[in-house]
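Okay, structure first, notes after.
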Amino acid sequence: MKDERSSLKAGPSGGIYGIVFGIIPSSVLVEASEGGRCERVSYKIEINNSKSEAQDLTVVEHLYGDWKILESSDKYRRLMLLQLNSVTVPAKGTITITDTAENRF
């Protein structure tokens, strides 16, 4: 059976890359603060599906340093320097993922 899961990647500064036709991602850095060797960032990723079928996606976020997620709107998996969110975007719908991460350098 072919894996139909597509992948979108979101960088730590809010950039998104990867091509999935009919899927339109956007990312916004909501808040950032820095103190000493610690940085805290909050961001929002919105994914719009213009297709007539629901789409299963893996959103890959690259985080650096000794990081931990303080708050997340979805379940996620940690894989070394990556945070992986597996999501289903409904047909002709939109989902929003919000996260707050703390990075120590």
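Residue numbers for the sequence shown follow my numbering, so the first one is 1032 and each next one is one higher. We put the beta carbon where it would ideally sit given N, CA and C, even for glycine.
With DSSP collapsed to three states, give me the class of residue i.
i, result
"L1101", "strand"
"Y1074", "strand"
"N1116", "strand"
"R1109", "strand"
"A1085", "coil"
"R978", "Since the first residue shown for the chain is 1032 and the last is 1136, residue 978 is missing from the structure and cannot be characterised."
Assign residue i to one of two classes, buried (16 or more other C-beta atoms within 10 Å of its C-beta) or exposed (fewer than that).
i, result
"E1092", "buried"
"Y1074", "buried"
"G1046", "Interpretation of G1046 is limited by its pLDDT of 48, a score under 50 that renders its predicted location unreliable; the figure taken from the coordinates is listed afterwards. Classification for G1046: exposed."
"S1058", "buried"
"L1110", "exposed"
"L1094", "buried"
"L1088", "buried"
Hey, residue i and residue j are a contact pair by Cβ (cut 8 Å); roughly how many whole angstroms apart?
i, j, result
"I1054", "Q1086", "6 Å"
"R1071", "T1119", "Not quite, the Cβ-Cβ distance comes to about 29 Å (not below 8 Å), so this is no contact."
"V1133", "K1099", "One detail in the question is off: residue 1133 reads as Glu in this sequence, not Val. Contact holds; Cβ gap of about 6 Å."
Which residues mark the beginning and the end of the beta strand (DSSP E) in which residue i is found?
i, result
"P1121", "First-last for P1121: undefined, no H or E at that position."
"L1094", "Note, L1094: premise wrong, no beta strand (DSSP E); not H, not E."
"G1066", "1054 to 1066"
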